[in-house]
Amino acid sequence: MSQTAALYIVPTPIGNLSDISQRALDTLRQVDVIACEDTRHTGKLLSHYQIGTPTWALHDHNEQHKAEQLVGRLQEGKSIALVSDAGTPLISDPGYHLVNRCREAGVAVVALPGPCAAVTALSAAGLPTDRFVFEGFLPAKDKARHDKLESLKDEPRTMVFYESPRRLLDTAAALVAVMGPERRVVVARELTKTFETIQGLPAGEMLDWLKEDANRCRGEIVLMVAGHKAEADALPVPALKTLALLSADLGLKKAAALTAEIHGLKKNALYKYGLEAGL
């Protein structure tokens, strides 16, 4: 039985082939064509489950061009499954242009739930999960990587990254330099595979741990960083802006008193901050 004409977003295993859902298998069998990053890679999964559906390569270099052709086939009544090499399509993988084009053309898009390395790692990391931010891959070049981490230094949510094995040590060193040796870091590698490892340590200790054994930097890696915790007595940024504006005209003592009244803070703490900041 053929699937209803639509683009189906089909997650595939991130390591353990048993993690694919029955719905995903049924969809891959029933669609007219499977669009995938690497036809050889996806071919191994299809062969394992004896699925003979034709495949079509869709990757970063041809997606914008191929998207039009695929949308055309969908509009003709064909059904297409989109898969990535592993995990959920579009999460640091191709597919955005195709899905966006389908939406613009009024073509149905059906997303199946399934494996995602970022969420799998986060669920076992022991870091706060009520709020988190996924940042994908950090920049490859040192300065750009450092600048990106600097921009995230005060991010209060747990941060989730994908990282290349060959850059993991450099990234760990940059984390120590930018966020300090005590910031909690978790490295999850080879999730669902034979050599799965999940290790959490302060950034400084994590750097040493990674250096001790080259194998700890191998495989598919998810890197998670605890969010910044503001000190309990830290003054809120809006209050500091108020203090700076008022002190320019009123002097620090009056500005501290007014700011304390406006924001419900202690006058002495604001006055002390102003002295240290040279207001």
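Counting in full-length UniProt numbering, the sequence shown runs from 1 upward without gaps. Cβ coordinates follow ideal geometry from the N, Cα and C atoms, glycine included.
If V133 sits next to R101, beta carbons under 8 Å apart, how far is it from one beta carbon to the other, in whole angstroms? No, V133 and R101 are not in contact; Cβ-Cβ is about 27 Å, not under 8 Å.
Helix, strand or coil for E10 per DSSP? Per the sequence shown, the amino acid found at residue 10 is Val instead of Glu. Three-state DSSP puts V10 in coil, outside helix and strand.
Taking the alpha-carbon of E193 as reference, which of A5, A6, S18 has the nearest alpha-carbon? Rather than Glu, the amino acid found at residue 193 in this sequence is Lys. Checking every option, the nearest Cα to that of K193 belongs to S18.
Hey, quick one: how far does the beta strand (DSSP E) through Y162 stretch, first residue to last? 158 to 163
Which whole-angstrom value describes the C-beta separation of L138 and M179, a residue pair presumed to lie in contact below a C-beta threshold of 8 Å? Contact doesn't hold; Cβ gap of about 13 Å is too wide.
Taking the DSSP output, what are the residues bridged to A111? I9
Write down every uninterrupted run of the alpha helix (DSSP H) in the stretch 9 to 73 whose length is 4 residues or greater and which is fully enclosed by it, in chain order. 22 to 30, 39 to 48
Buried or exposed (CB count within 10 angstroms, at least 16 for buried), E220: buried
Could you give the DSSP three-state label for G136: helix, strand or coil? strand
Range of the contiguous alpha helix (DSSP H) that encloses T242: 237 to 250
Could you check whether V187 and L223 sit closer than 8 Å to each other, using their CB atoms as the reference points? yes
Give me the DSSP bridge partner(s) of M224. V160, V186
So A203 is in the beta strand (DSSP E); what residue range does that whole segment cover? Premise fails: A203 lies in the alpha helix (DSSP H), 203 to 212, not in any beta strand (DSSP E).
Excluding the 5 residues preceding and the 5 following V185 in the sequence, name in chain order all residues of the same chain whose CB lies nearer than 8 Å to its CB. A172, L175, G200, L201, P202, A203, M206, L223, M224, V225, A226
Minimum Cβ-Cβ distance from W56 to chain C less than 8 Å: Considering every chain present, this structure includes no chain C. It has just one protein chain.
Got a sec, what are the start and stop residues for the alpha helix (DSSP H) A277 sits in? 267 to 277
Other residues of its chain near R29: CB distance less than 6 Å, five sequence neighbours each side excluded: I51
Do the stretch 110 to 127 and the stretch 83 to 102 make contact, defined as three or more Cβ pairs closer than 8 Å? yes
Residue interval of the alpha helix (DSSP H) (run including residue 292): Nothing can be reported for residue 292, as the shown portion of the chain is limited to 1 through 279.
Pull up the distance between the alpha-carbon of G106 and that of P165, whole angstroms please. 40 Å
Indicate the three-state DSSP secondary structure (helix, strand or coil) for T194 in the structure shown. coil
Can you find the residues in the same chain that come closer than 7 Å, C-beta to C-beta, to H41, ignoring five residues on each side of it along the sequence? D85
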